[in-house]
Amino acid sequence: MKVTLSTTENTTSLKSIYSDFVAITKARLAISVVFSSVAGYLIGFSETYPFSWVTLILLTIGGYCMVGASNVFNQIIEKDLDALMDRTKSRPLPSGKISVRNAFALGVALTILGLGILYVINPKTAMFGAISIFLYTSVYTPLKKITPLSVFVGAFPGAIPFMLGWVAATNNFGIEAGTLFLIQFFWQFPHFWAIGWFLYDDYKKAGFFMLPTGKRDKKTALQTILYTVWLIIASLLPVTGFTGQLQLSYVSAGVVLLLGLWMLVYAVKLYKDMDAKAARKLMIVSVSYISLLQVIYIIDKFIR
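Heads up, the sequence shown is in our numbering, so the first residue is 259 and it goes up one at a time.
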């Protein structure tokens with residue numbers, strides 16, 4: 259009886275630890291961010307910078323550690339505020355499943371491990387990873403209660419992963435990495451404003467005002483449209499031939515344009531409908547857009 263009970267308790271404990279780790283590092287978000295870095299790497303390697311499975315694996319693990327660390331520190335800072343919102347009150351820290359002390363230890367461990375792994379790839383990759391953690395936790399997170407400009411600040415660390423893959427592949431930050439950064443930078447605005455719109459009431463409980471005007475109004479919806487247009491333009495830059503080794507064929511550019519127009523339709527729909535349903539649809543489309551765009555860039559690189 260004792261052996262059976264112990265095995266059950268151990269199994270439950272391991273499941274609980276895994277579940278809490280997934281929650282506090284925001285695994286789904288972290289995986290999507292790592293996907294962006296992997297996409298950047300696959301676009302960046304070439305005969306000059308040969309493909310390496312070791313580098314790709316290091317980028318995947320190190321990238322997850324860095325994103326996970328950012329999310330852990332963010333949840334430590336916002337522990338009491340998360341307890342006020344319906345969507346976050348069950349997270350490990352506000353629910354008491356993980357102590358602040360243990361969470362901080364995990365965040366530090368992930369930071370050190372992540373930086374170390376990225377440094378093995380090259381120092382530039384580690385530097386950008388460190389900048390991302392610093393901006394996300396020390397600048398973006400505190401600003402969320404102060405100004406809607408927090409989204410602008412948060413767009414910088416949010417845009418780093420796509421170009422981080424290129425830097426990992428080439429050990430170089432030039433026009434190519436800058437273009438990848440620009441694409442994901444502009445993408446942040448319609449994506450997070452859509453989230454801020456349909457979660458407006460929940461964010462309000464914690465004093466977070468994520469929309470550019472602080473309200474769900476026509477001006478916010480119009481800015482969402484404008485930044486979607488900028489996103490489309492940035493996404494098409496590689497077809498011009500002015501972005502160095504980062505290039506895009508006309509056929510792929512046409513597909514990217516159609517993707518952008520698809521997202522623009524939902525941004526315009528938000529402007530017309532002005533409701534949470536339209537905002538949620540825009541958010542879903544935006545996630546599909548950035549993932550599909552990255553896949554198209556990768557495919558184009560191999561068939562061109």
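Yeah, the Cβ is synthetic: ideal placement off N, Cα and C, and Gly gets one too.
From a predicted model like this one, the values you see are computed outputs, not experimental measurements.
Give the straight-line distance between the Cα atoms of residue 471 and residue 411, rounded to the nearest whole angstrom. 16 angstroms
Buried versus exposed, by CB contacts within 10 Å (16 or more), residue 363: exposed
Can you tell me which of 562, 491, 421 puts its alpha carbon nearest to the alpha carbon of residue 299? 421
Count the other C-beta atoms from every protein chain shown that fall within 10 angstroms of the C-beta of residue 311, then say buried if there are 16 or more, exposed otherwise. exposed
Any contact of the stretch 381-396 with the stretch 414-429, i.e. 3+ C-beta pairs under 8 angstroms? yes
For the stretch 399-409 against the stretch 433-440, are there 3 or more C-beta pairs whose distance is under 8 angstroms? no
Report the three-state DSSP secondary structure of residue 336 (helix, strand or coil). coil
Closer than 7 angstroms: is that where the CB of residue 460 sits relative to any heavy atom of the ligand COA? The ligand content of the structure shown is nil, which means the ligand COA is not present either.
Do three or more CB pairs link the stretch 336-349 to the stretch 461-480 at distances below 8 angstroms? yes
Start and end residues, alpha helix (DSSP H) containing residue 398: Careful: residue 398 lies outside any alpha helix (DSSP H) and carries neither H nor E.
For residue 568, which residues of its own chain have a beta-carbon under 7 angstroms away from its beta-carbon, when the five flanking residues on both sides are left out? Residue numbering for the chain in the displayed model covers 259 to 562; residue 568 lies beyond these limits and cannot be assessed.
Among the residues of its own chain, which have a CB less than 6 angstroms from the CB of residue 537, if the five just before and after it don't count? 452, 455, 456, 528
Counting only the same chain and skipping the five closest in sequence on each side, list residues whose C-beta sits under 6 angstroms from that of residue 524. 539, 540, 543
Short Cβ contact (8 angstroms threshold) for residue 445 with residue 393: no
Just to confirm, are residue 514 and residue 480 a CB contact at a threshold of 8 angstroms? no
Within 10 angstroms of its Cβ, does residue 276 collect 16 or more other Cβ (buried), or is it exposed? exposed
So is residue 268 buried or exposed if we call it buried at 16+ other beta carbons inside 10 Å? In this prediction, residue 268 scores a pLDDT of 47, lower than 50, which makes its location untrustworthy; the coordinate-derived value is nonetheless stated afterwards. Classification for residue 268: exposed.
Just list the alpha helix (DSSP H) runs in the stretch 298-339, keeping only unbroken ones of 4 residues or longer that don't cross its boundaries, in chain order. 311-335
Leaving out five residues on either side along the sequence, give the residues of the same chain with a beta carbon under 6 angstroms from the beta carbon of residue 560. none
Can you tell me the Cα-Cα spacing of residue 522 and residue 332, whole angstroms? 31 angstroms
Just to confirm before moving on: does the CB-CB distance between residue 304 and residue 503 stay below 8 angstroms? yes
Near residue 461, which residues of its chain fall below 8 angstroms by C-beta distance, leaving aside the five closest residues on each side in sequence? 343, 454, 467, 468
Quick check: the Cα distance between residue 375 and residue 487, rounded to an integer number of angstroms? 37 angstroms
Is residue 415 helix, strand or coil when you go by DSSP? helix
With 16 other Cβ atoms within 10 Å as the buried cut-off, status of residue 266: Because residue 266 sits at a pLDDT of 47, beneath the cut-off of 50, its placement in the model cannot be relied upon, and the point is left open.
May I ask you to report which of helix, strand or coil DSSP gives residue 350? coil
Once the 5 residues before and after residue 318 are set aside, which same chain residues still bring their CB inside 8 angstroms of it? 292, 295, 296
Report the option in 424, 548, 495, 473 whose CA atom is closest to the CA atom of residue 290. 548
Going by other Cβ atoms of all chains shown within 10 Å of its Cβ, with 16 needed for buried, is residue 354 buried or exposed? exposed
Among the residues of its own chain, which have a CB less than 6 angstroms from the CB of residue 562, if the five just before and after it don't count? 507
Which parts of the stretch 420-464 are runs of the beta strand (DSSP E), unbroken and 3 residues or longer, counting only runs that do not cross its ends? none
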